[in-house]
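Residue numbers (my numbering): 13 to 424.
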């Protein structure tokens, strides 16, 4: 069974790339070992994050590093045994977090962030799933004067990018989210982002659009990928799929393909957890709420109130550690009247990250027909459609809507 392109990975990034290639006349086979949207794309906070113009950098102030070093902060936790294996990556991340390099990363990511909402809008409309979309932004709360000072300073830093936000006092915050408890002393309402009530359903909706338009989804193991002459093939449950071009869009599993092919790309993972909760009584939450000091998000989802944690630095297959979620849950119960846990155990996900805070998008340097699209860090849901468009433009010879050299695979 032959296609123009095989896309490996049926998360939001791979599905979006498949759709954009398909819309440019390419026959596409999408391959994954699981159904679309059931891995990393399942477990996020549902933010299409137009407001995250400045990437998440590593803190460089000594006070912050000391605080994280104590390993008691709810937004970043680490496994001591894992740090030596991640030390080179962390040092590179620290270097790229300097003010000069962070500005470079911000400018590189800006064309993608600026288009994230409009690219999602186009696909959501075509897929007929606008019921999943909310256009009311999200809220960032702070509970201390120091937290307020830092949050307002961070907001001031992005004003030059034309973002819209409201600074809320306690009364204004309660007017917008009346069931929040009394812990916050104020908030910022970011109005440009959109949010979705079910990230898994969003990805499955895009995948359904892809198959309705003639695309093929096949269950298979990407690690069976092989090259013969000018062709690439991968084994699936329906037989071998063959194409002249292949896209690696496997998120945190992408190194299982590019490493055996000889590419040295410093891909690492930042783990994170989520849990769903009922709300007590008649309490409701209409917008996602980020606790600025706690580093977790409470988001109203189809399955309940979803609490998503910050970052855990641990081995890919390390056992779950309940400490971070338990700490975030204790803080969240002071923010909103959470009821009982709705699941027997937390969901654990892995964010694929590069130390210079931008993804890898483009053609591999030593293998004709091999293309990469991974490393979206905290913004896979946000950037899936826009990076899918950029990749498809590059693969089909169109003029890219932005300079793709910032994301080339050989930059390392």
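Cβ atoms here follow ideal geometry from the backbone N, Cα and C, with glycine treated the same way.
In the same chain as residue 145, and ignoring 5 residues on each side of it, the C-beta atoms closer than 7 Å to its own belong to 136, 206, 208, in chain order. For the options 57, 24, 23, the alpha carbon positioned closest to that of residue 314 is the one of 57. Here residue 41 really is in contact with residue 253; their C-beta atoms are around 5 Å apart, less than 8 Å. Counting of Cβ neighbours within 10 angstroms places residue 283 among the buried residues, the total reaching 16 or more.
The three-state reading of DSSP puts residue 302 in strand, counting E and B together. In this structure, DSSP gives residue 253 an extended state, which the three-state scheme calls strand.
In summary, residue 298 is exposed, with fewer than 16 beta-carbon neighbours lying within 10 Å of its beta-carbon over all protein chains present. Each residue's CA atom was taken as its position, placing residue 300 and residue 340 some 15 Å apart.
Judged by beta-carbon spacing, residue 302 lies beyond the 9 Å limit of residue 195, meaning their Cβ atoms are not closer than that value. A check of alpha carbon separations from residue 90 across 332, 412, 356 identifies 332 as the nearest.
Counting the other Cβ atoms within 10 Å of the Cβ of residue 13 gives fewer than 16, which makes it exposed.
Taking a C-beta distance under 9 Å as the contact criterion, residue 23 and residue 49 qualify as a contact pair. In this structure, the CA atom of residue 191 is about 18 Å from the CA atom of residue 304. In this structure, DSSP gives residue 351 an extended state, which the three-state scheme calls strand.
Only residues of its own chain outside the window of five on either side were considered, and among them 197, 305 have a CB closer than 8 Å to the CB of residue 156, listed in chain order. By the C-beta density criterion, residue 216 is buried, having at least 16 other C-beta atoms within 10 angstroms. Contact check for residue 39 against residue 232 fails: the beta carbons are separated by 9 Å or more. Of the candidates 374, 381, 148, 326, 381 places its Cα closest to the Cα of residue 18. Pairing residue 319 with residue 275 gives a Cβ-Cβ distance that is not under 9 Å.
Within the segment 132-174, the complete beta strand (DSSP E) segments of 3 residues or longer fall at 150-154, listed in chain order.
Across the set 93, 376, 278, the C-alpha of 278 shows the shortest separation from the C-alpha of residue 267. Straight across, the Cα-Cα distance linking residue 148 with residue 64 is about 16 Å. Between residue 364 and residue 392, the gap from beta carbon to beta carbon is short of 9 Å. Residue 44 sits in a strand when the DSSP states are folded into three classes. Residue state for residue 314 is assigned as coil, using DSSP reduced to three classes.
The beta-carbon distance between residue 221 and residue 138, rounded to whole angstroms, is 6 Å. This is short enough to meet the 8 Å contact definition.
The beta carbon of residue 101 sits closer than 8 Å to those of 278, 280, 367, all from its chain and outside the five residues before and after it, given in chain order.
In the DSSP assignment, residue 398 falls outside any beta strand (DSSP E) and within the unbroken alpha helix (DSSP H) covering 392-407.
At a cut-off of 3 residues, the continuous stretches assigned as beta strand (DSSP E) that sit fully inside the segment 332-391 are 350-353, 359-365, 372-375, 382-386.
As summarised for the segment 38-94, the continuous beta strand (DSSP E) elements at least 3 residues long and confined to that stretch are 40-44, 88-90, given in chain order.
By the C-beta criterion, the segment 171-178 is judged not to be in contact with the segment 234-251, since fewer than 3 inter-stretch pairs fall below 8 Å.
In terms of Cβ geometry, residue 86 and residue 411 do not form a close pair [threshold 9 Å]. Between residue 181 and residue 203 the beta-carbon gap is near 17 Å, outside 8 Å, which marks them as no contact.
The secondary-structure analysis by DSSP pairs residue 200 across a beta bridge with 152, 179. Remark: C-beta atoms of residue 400 and residue 27 approach each other more closely than 9 Å.
Residue pairing of residue 18 in beta bridges, as defined by DSSP: 41, 258.
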